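Take the sequence shown: its letter number 88 is residue 88 in the UniProt record's numbering, and every next letter is one higher.
For every residue, glycine included, the Cβ atom is placed at its ideal position computed from N, Cα and C.
Given the structure is predicted, the values throughout are model-derived calculations rather than measurements.
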Amino acid sequence: MTKRKTLRSVRAVTVAATAAATALVGIIPAAALAGSGSDTDRAPRRGYVCDRLERDESAAVGSSRCRAFNAPRHGTIRGDFVIETRDKRLRVLCKARPGRASGYANTPNWVRGENCRRA
């Protein structure tokens with residue numbers, strides 16, 4: 001091999017190794033972050049997203065184009081859930097009380113939550 005060919009092959013191997021290392025460095029932190037973090041950092045997986053959200057004391061009503069995520073689309077809601085606006089400016093957490101329903105859903109029109117506080 002000539003000096004020129006040797007230099008080319010060394011460069012090619014260096015570029016390939018650098019690309020592989022860069023890809024690996026990019027993948028590992030993303031995978032590590034995907035499983036970490038507390039629930040307060042991320043939106044809970046159970047709830048509703050609506051265009052509008054209105055609150056009155058401890059009750060909350062989301063209306064207009066409501067969409068359910070891991071929650072019933074129609075009928076009584078049991079357990080904790082969130083209602084948030086589509087633009088993410090307002091979000092409430094509705095907590096369940098023992099022996100009582102925590103809300104009622106009639107998506108896509110509206111969803112009502114009891115015992116709700118701003119989250």
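Query: Alpha carbon of Val-82 to alpha carbon of Gly-99, nearest angstrom; Result: 19 Å
Query: Per-residue DSSP class, three states only, for Ser-58; Result: coil
Query: Through-space distance from Cys-116 to Ser-58, alpha-carbon basis; Result: 5 Å
Query: Pairwise C-alpha distance: Pro-72 and Ala-60; Result: 17 Å
Query: Cut-off 6 Å between Cβ atoms - residues of its own chain near Asp-80, not counting five sequence neighbours on either side; Result: Lys-95, Ala-96
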